[in-house]
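Here the protein sequences come in this chain order: Y and D.
Here the working numbering is used: the first residue of the first sequence is 8, the next is one more, and so on.
Here the working numbering is used: the first residue of the second sequence is 8, the next is one more, and so on.
Backbone N, C-alpha and C define an ideal beta-carbon position, used for all residues, glycine too.
To start, the structure itself, in structure tokens.
Number of protein chains: 2
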Amino acid sequence: MGTKGEGNRQRIVNAADNLFYRRGYNQTSFQDISDATGIPRGNFYYYFKTKDEILAAVVDSRIAELKVMLSQCEAESDDARERLLLFSNMLDVNRDDVIKSGCPIGTLSSELAKNDPVLHEKSRSAFILLRDWLKQQFDVFHVASSEDLAMDLLAKLQGVTVMGCAFKDEDYIKRSHQQIKDWINSKTLN
Amino acid sequence: MGTKGEGNRQRIVNAADNLFYRRGYNQTSFQDISDATGIPRGNFYYYFKTKDEILAAVVDSRIAELKVMLSQCEAESDDARERLLLFSNMLDVNRDDVIKSGCPIGTLSSELAKNDPVLHEKSRSAFILLRDWLKQQFDVFHVASSEDLAMDLLAKLQGVTVMGCAFKDEDYIKRSHQQIKDWINSKTLN
């Protein structure tokens with residue numbers, strides 16, 4: 008694929024990523040993505056044969072972005088506790104989006120669980136990446152249950168996201184973020 | 008509306024309730040509800056003019072069911088701590104459904120947040136019912152933050168539900184349910 012082809016492919020993935028997040032996967036049509044990119048529907052088939060293929064590319068793209076975010080946490084601090092706190096900041100950084108549309112990973116997973124086992128499993132890979140990275144950080148503290156703690160932290164973030172979006176409550180998210188930071192400290196400070 | 012009319016209306020609401028939960032609101036058509044009930048599409052309009060009206064009736068029906076569940080918790084125990092523990096058992100009772108389709112209230116709210124502000128607000132009323140009931144139970148312990156605790160408990164349940172469904176992990180849900188019960192005890196036993 009040439010540079011222009013790569014550029015078009017990336018534009019399709021970016022537009023689909025945004026639409027899947029803002030409207031939902033099932034509510035996004037090829038036509039919507041075509042409208043958002045200005046690339047004619049007919050040309051899509053050169054890059055993606057089905058919407059499933061676009062979804063797979065979107066999940067890969069989200070995973071790539073998450074890896075960048077995790078690398079930033081690692082670059083900003085050598086300290087595992089600090090890294091976990093930095094990770095939790097995503098609640099604050101994305102507060103407006105969370106209130107409007109929930110968590111991109113959580114809502115995609117919940118949506119796909121209902122009608123597509125294969126795509127649902129694909130979407131899980133983003134959670135697995137985060138769980139494994141969080142486990143690595145908790146491992147430093149030599150706790151037996153570092154994977155459980157990683158899942159607990161993800162569940163806390165998901166829970167706050169669902170409720171913050173349901174109630175459109177900015178203060179609730181701020182307050183809950185502080186609680187989550189307190190919890191991280193309680194698990195990592197002796 | 009006669010008895011037969013009421014019966015048909017209830018059949019439509021029950022079938023829609025199930026389909027909205029299993030497939031999602033947006034993925035359910037009038038035709039799907041017609042197929043599930045055997046009631047011809049044309050006859051629907053006598054009961055519901057739009058899918059939005061069916062959604063409103065489904066939310067009302069879920070709220071009525073939740074009220075029955077809350078009344079059962081109240082009937083089973085006079086003790087607020089016991090009632091909170093009984094409430095949390097919904098995670099266990101519905102474990103199979105949670106793994107397959109997530110939480111009916113949480114996933115509906117997340118779905119509607121993305122494309123329908125009016126219906127999203129309607130779906131919030133189920134959360135408000137639960138929050139207010141939980142707040143009432145926490146009030147007994149004379150804590151200043153009983154509403155915050157109610158929101159915390161709902162967020163915990165939502166978080167576990169999202170992660171349990173994403174990972175299809177029964178043991179994780181059991182373990183997390185125990186943690187939630189421990190948390191309830193920690194907030195209500197002096």
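By alpha-carbon distance to Asp-139/D, the top candidate from Gly-49/D, Gly-12/D, Gln-38/D and Ala-157/D is Ala-157/D.
Chain Y has no Cβ within less than 8 Å of the Cβ of Glu-177/D.
Only residues of its own chain outside the window of five on either side were considered, and among them Arg-90 have a CB closer than 8 Å to the CB of Glu-81/Y, listed in chain order. Annotation for Tyr-28/Y: the continuous alpha helix (DSSP H) segment containing it runs 10 to 30.
Following the DSSP letters along the chain, one finds Thr-168/D inside the alpha helix (DSSP H) bounded by residues 153 to 174. In the three-state scheme derived from DSSP, where H, G and I count as helix and E and B as strand, Ile-46/Y is classed as coil. Around the CB of Ser-95/Y, 16 or more other CB atoms lie within 10 Å, so the residue is classed as buried. Between Lys-74/D and the set Phe-134/D, Lys-163/D, Lys-194/D and Leu-161/D, the nearest pair of CA atoms involves Phe-134/D. The C-beta of Glu-118/D comes closer than 8 Å to at least one C-beta of chain Y. The contact set of Leu-161/Y on chain D, defined by CB atoms closer than 7 Å, consists of Met-170 in chain order. When rounded, the separation of the alpha-carbon atoms in Ser-183/D and Leu-196/Y is 23 Å. In the structure shown, the three-state DSSP call for Thr-114/Y is helix. Bounds of any alpha helix (DSSP H) do not take in Val-150/Y, whose DSSP letter is neither H nor E. Residues are counted here when their Cβ sits less than 9 Å from a Cβ of chain Y; for the region 19 to 37 of chain D these are Tyr-28, Arg-29, Arg-30, Gly-31, Asn-33 and Gln-34, given in chain order.
In this chain, the alpha helix (DSSP H) harbouring Asp-99/Y covers 97 to 100. The C-alpha of Phe-55/Y lies about 44 Å from the C-alpha of Asn-15/D. Going by DSSP, Phe-134/D is part of the alpha helix (DSSP H) stretching over 124 to 146.
The beta carbon of Arg-131/Y falls within 8 Å of a beta carbon belonging to chain D, placing the residue at that interface. The alpha-carbon separation between Trp-190/D and Met-97/Y amounts to approximately 25 Å. Around the C-beta of Ser-152/D, fewer than 16 other C-beta atoms lie within 10 Å, and the residue is accordingly described as exposed.
Its Cα nearest to that of Ser-68/D, the residue Ser-130/D stands out among Ser-130/D, Val-100/D and Gly-31/D.
Proximity to Cys-110/Y across Thr-35/Y, Phe-51/Y, Lys-163/Y and Asn-33/Y peaks at Lys-163/Y, based on C-alpha coordinates.
Cβ atoms of Gly-113/Y and Gln-165/Y come within 8 Å of each other, at about 5 Å. Identification of residues in the region 98 to 124 of chain D having a C-beta nearer than 8 Å to some C-beta of chain Y yields Lys-107, Ser-108, Gly-109, Gly-113, Thr-114, Ser-116, Ser-117, Glu-118, Ala-120, Lys-121 and Asn-122, given in sequence order. For Asp-178/Y, the secondary structure class from DSSP, reduced to helix, strand or coil, is helix. Distances from the CA of Ser-117/D to each of Tyr-28/Y, Arg-18/Y and Asn-192/Y were compared; the closest alpha carbon is that of Tyr-28/Y.
Within the region 133 to 166 of chain D, the residues whose Cβ lies closer than 8 Å to any Cβ of chain Y are, in chain order, Phe-134, Asp-155, Met-158, Asp-159, Leu-161, Ala-162, Lys-163, Leu-164, Gln-165 and Gly-166. DSSP places Ser-41/Y in the helix class (H, G or I) of the three-state scheme. DSSP, reduced to helix, strand and coil, places Leu-196/Y outside both helices and strands of the structure shown, so it counts as coil. Below the 8 Å Cβ cutoff, chain D contributes no neighbours of Ala-87/Y, its closest Cβ being approximately 22 Å away. With respect to the 8 Å criterion, Ile-106/Y and Cys-172/Y are classified as neighbours on the basis of their beta carbons.
If you look at Ser-78/Y, you'll find it in the alpha helix (DSSP H) that goes 58 to 83.
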